[in-house]
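Read through the structure below, which is laid out as structure tokens, and then see the notes.
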Amino acid sequence: MCHLSLTDNNTNDPPKIADLSSSGAEAIHAYEDLQAVAGIPLKSLCTDNPSLLVFPHCLGEHQDGIEGLRIFDLEGRPSYEGGRIISCDQVKVKTGNLMGFLGFSGRGFHGTKVEIRSRFTGNSGQDFFLHYLLERVFKINLFNMDYSLGRNDGLDFVYLLFPHLLKRAVQQGLFRQYQTFQRNDSAVKGPLEVGRHLRHNVPFGGKVAYRSRERTFDNPVTQLVRHTIEFIKGKDLGRRLLSSDGDTKEAVSRIVAATNETYVPQKRQLVIARNSRPVSHPYFIRWLPLQQLCLMILNRHTIQFAATTSPVQGILFDGAWLWEEYAATILCDPKLEAKQFIHPTNKDRKGGIRLFDNSPDGNDEVSFSKCYRRIYPDFYREKSADGSKDGMIVDAKYKRLEQGLVRDDLYQIISYMHTMRISVGGFLYPSPSKEVSASAPINGVERRVYQLAGYGGTISSLGLPILQNADTYATFTFAMADRERELLEAIEEM
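Under this note's numbering, the first residue of the sequence shown carries the number 389, and numbering increases by one thereafter.
Given below as structure tokens:
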């Protein structure tokens with residue numbers, strides 16, 4: 389079994405499979421497994437592999453291109469002899485923005501496991517940056533929980549995501565589903581079951597055996613969540629996560645109350661089997677990722693990727709989405725008051741800016757077409773009412789912009805600035821810090837300013853330095869807090 393450790397966005401100098409494996413035979417097995425997903429768009433992979441959980445969980449619904457992302461591409465060809473592979477020495481693995489964990493199991497696979505860390509993972513091998521992004525975006529306070537990162541990061545991710553998905557699902561309402569019940573009472577609500585009635589109600593005592601079909605909160609999906617809650621209560625990290633905040637406690641209480649009548653610990657495998665079909669209700673859409681995560685926890689207890697009906701399993705995060713949502717926690721903080729940015733959400737069609745003023749009926753939300761549409765800058769702040777502060781647009785990019793700006797990105801932000809009559813724009817991206825050691829001073833926010841010709845204006849690139857060789861997670865979080873304060877100061881100087 390091969391365990392490959394990669395980093396995101398390694399297109400310039402991709403590693404060879406042979407260099408990541410302990411032997412030539414292991415490299416060949418890994419290559420044969422990786423071919424199952426290499427170069428295939430995420431949407432196709434998720435359709436064929438229900439145990440592959442991707443964030444954001446809305447592939448192909450908002451024309452944002454996430455559904456077309458590929459986990460990695462294979463570059464180069466193996467050597468063959470007699471129709472079989474004898475060497476993979478020249479095959480390289482090129483990754484993009486996706487980070488997370490992946491496993492291959494089942495017939496025809498060799499059990500390869502792939503770990504894609506952020507490109508800011510230091511020499512210690514600890515991916516503090518990815519964990520920090522997850523903490524901020526999913527609102528998990530790892531520091532207060534005295535959280536320590538172990539080698540089994542995949543298992544950590546499974547537990548860390550559970551409270552977030554549970555709260556999102558419960559906020560939409562407890563999942564209801566039609567269930568058939570065999571009842572024996574005086575309130576008859578369905579067809580009689582004569583045989584059962586004769587067995588249990590002779591002589592007659594006022595009760596009637598019948599069968600009823602009702603929509604109820606107590607169903608296989610909520611039972612699955614209940615079994616997951618009870619399982620992770622036995623884990624130290626899981627127990628602390630379930631009691632980390634009031635909303636999580638409330639969500640757990642509602643699930644427990646809805647399932648108390650029929651919950652039986654010994655029926656876990658039966659409940660798992662009844663959840664073989666993914667949730668497809670048009671209203672309860674938030675319950676599908678929760679169902680997937682619960683199956684991931686209960687089927688494996690770890691993210692060791694045991695054999696299931698899904699040949700590819702794992703958890704993946706789009707780095708661009710994760711970086712943008714992290715930036716929102718900084719720029720949209722209510723504590724900034726008048727300096728707070730607006731974060732339009734094109735996924736929800738909220739906060740967009742009209743690109744054209746000649747919509748025929750004035751109702752853009754109804755009449756939008758290719759000619760009447762809205763634009764969605766990542767972040768913007770309008771000009772102050774007294775005119776003392778100009779407006780500003782900030783675009784979050786999970787790219788290596790320390791090597792220079794990209795033409796298409798420039799065109800995009802210039803069009804935003806022109807449409808909104810804002811003369812100040814900028815890109816926010818993560819950059820590797822240039823400190824010599826963890827104890828050495830860290831360079832501040834890297835800022836380059838470009839003056840626009842024509843109508844004028846400025847575009848800045850803001851590189852947020854990411855500490856790469858911190859010895860502890862606490863050191864990393866303190867360093868990030870300092871850099872975030874410097875970032876806000878740099879934005880005010882744009």
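Every residue, glycine too, gets a C-beta built ideally from N, C-alpha and C. Computed from a prediction, not measured in an experiment: that's the story for all the values here.
Coarse secondary structure for residue 429, derived from DSSP in three states: Residue 429: strand per DSSP, three-state reduction.
Helix, strand or coil for residue 866, going by three-state DSSP, please let me know. Residue state, collapsed to three classes: helix.
Assuming residue 516 contacts residue 861 under a Cβ cut-off of 8 Å, what Cβ separation, rounded to an integer in Å, is found between them? Rounded to the nearest angstrom, the Cβ distance from residue 516 to residue 861 is 6 Å, consistent with a contact under 8 Å.
Measure the CB-CB distance between residue 786 and residue 707 and report whether it falls below 8 Å. Yes, these two residues count as a Cβ contact at 8 Å.
Need the endpoints of the beta strand (DSSP E) that residue 487 sits in, please. For residue 487, the enclosing beta strand (DSSP E) starts and ends at 486-492.
Please report the residue range of the alpha helix (DSSP H) in which residue 521 lies. Taken as a continuous stretch (DSSP letters only), the alpha helix (DSSP H) holding residue 521 covers 516-525.
Residue environment, residue 857, which counts as buried when at least 16 other CB atoms sit within 10 Å: Its Cβ being crowded by 16 or more others within 10 Å, residue 857 is buried.
Endpoints, the alpha helix (DSSP H) within which residue 714 is located: Unbroken alpha helix (DSSP H) run through residue 714: 707-719.
Excluding the 5 residues flanking residue 505 on each side, which residues of the same chain have their C-beta closer than 6 Å to its C-beta? Excluding five sequence positions before and after residue 505, the CB atoms of its chain that fall closer than 6 Å to its own CB belong to 395 and 515, given in chain order.
Return the first residue and the last residue of the alpha helix (DSSP H) that residue 649 is part of. Judged by DSSP secondary structure, residue 649 falls outside any alpha helix (DSSP H); it is assigned neither H nor E.
Inspect the beta-carbon positions of residue 613 and residue 667 and report whether they are closer than 8 Å. No, the pair does not count as a contact, with Cβ atoms beyond the cut-off.
Spatial neighbours of residue 621 within its chain, please: C-beta separation below 8 Å, excluding the five flanking residues on both sides. Cβ contact annotation for residue 621 (same chain, cutoff 8 Å, sequence separation greater than five): 627 and 630, in chain order.
Name, in chain order, the residues that DSSP records as bridge partners for residue 392. According to DSSP, which records beta bridges pairwise, residue 392 is partnered with 502.
Nearest to residue 636 by alpha carbon, out of 726, 553 and 399? Closest option to residue 636, Cα to Cα, is 553.
Residue 783, enclosing beta strand (DSSP E) - first and last residue: Per DSSP, the unbroken beta strand (DSSP E) holding residue 783 starts and ends at 780-784.
Only counting runs of 4 or more residues, tell me where the alpha helix (DSSP H) segments fall wholly within the stretch 532-607, in order along the chain. The stretch 532-607 is shown to contain whole alpha helix (DSSP H) runs of 4 or more residues at 541-559 and 582-588, in chain order.
Residues near residue 851 by beta carbon distance below 8 Å, same chain, minus five either side: Setting aside the 5 residues that flank it on each side, residue 851 is surrounded in the same chain by 789, 790, 817, 818, 819, 833, 834 and 835, each with a C-beta closer than 8 Å to its C-beta; the list follows chain order.
Identify every residue that forms a DSSP beta bridge with residue 877. Residue 877 pairs with nothing; no bridge assigned.
Exposed or buried, what is residue 503 when buried is set at 16 or more other beta-carbons lying within 10 Å of its beta-carbon? Around the beta-carbon of residue 503, 16 or more other beta-carbon atoms lie within 10 Å, marking it buried.
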